[in-house]
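Written below as structure tokens is the structure these notes are about.
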Amino acid sequence: MEQQKLNPNLWVDLYSDYLFNYSISRVSDRAIAQDLVQETFLAGLKSMLNFKGEASERTWLISILKRKIIDHYRKINSKKGQAEVRINYNTNEDSEGDWLEERVADPFDKTAED
0 MEQQKLNPNL
10 WVDLYSDYLF
20 NYSISRVSDR
30 AIAQDLVQET
40 FLAGLKSMLN
50 FKGEASERTW
60 LISILKRKII
70 DHYRKINSKK
80 GQAEVRINYN
90 TNEDSEGDWL
100 EERVADPFDK
110 TAED
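For the sequence shown, position 11 matches number 10 in numbering that gives the first Met the number 0, and the numbering has no gaps at all.
Below, the structure written as structure tokens:
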């Protein structure tokens, strides 16, 4: 089997529509899908030396895009899981000038009810 070569000058013309359609079907947001495709092309350029030529350019770019989509959802889900943090000034005379961090209870934490 012939080893594949990368030709990044043609990526936008050859693969942008396919990558966009793949991305939009998974994130359902046009702007995010466009950003993910751009990030994919950029990551592909940065990691060209890692391309072994065992798969086609398109397959390789899709594998990068899949990781970008996963990262996108991880980022969204990590933001949803963060508890609100409030900082209160401690007015106790013994600890003058200290700031206390108070964590708000996580409404989804089942152990807090026990």
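No residue lacks a Cβ here, since even glycine has one placed at the ideal position from N, Cα and C.
DSSP three-state assignment for residue i, whether helix, strand or coil
i   : result
N20 : helix
K4  : coil
D28 : coil
A54 : coil
S15 : helix
S77 : helix
S46 : coil
Among the options, nearest to residue i - alpha-carbon criterion
i   : options            : result
L64 : N8, Y21, D16       : Y21
V26 : I68, K78, K74      : I68
S62 : I31, E38, I75, D28 : E38
D16 : I31, E1, A30, V36  : V36
Q2  : E53, D70, I23, R66 : E53
Cα-Cα separation between residue i and residue j, rounded to whole angstroms
i   : j   : result
D12 : K78 : 35 Å
K51 : L9  : 19 Å
Q33 : K4  : 25 Å
S46 : W59 : 11 Å
D70 : N49 : 20 Å
L18 : D28 : 14 Å
S55 : I23 : 22 Å
R66 : A30 : 18 Å
Beta-carbon proximity check, residue i vs residue j, cutoff 8 Å
i   : j   : result
P7  : L41 : no
R57 : Y14 : yes
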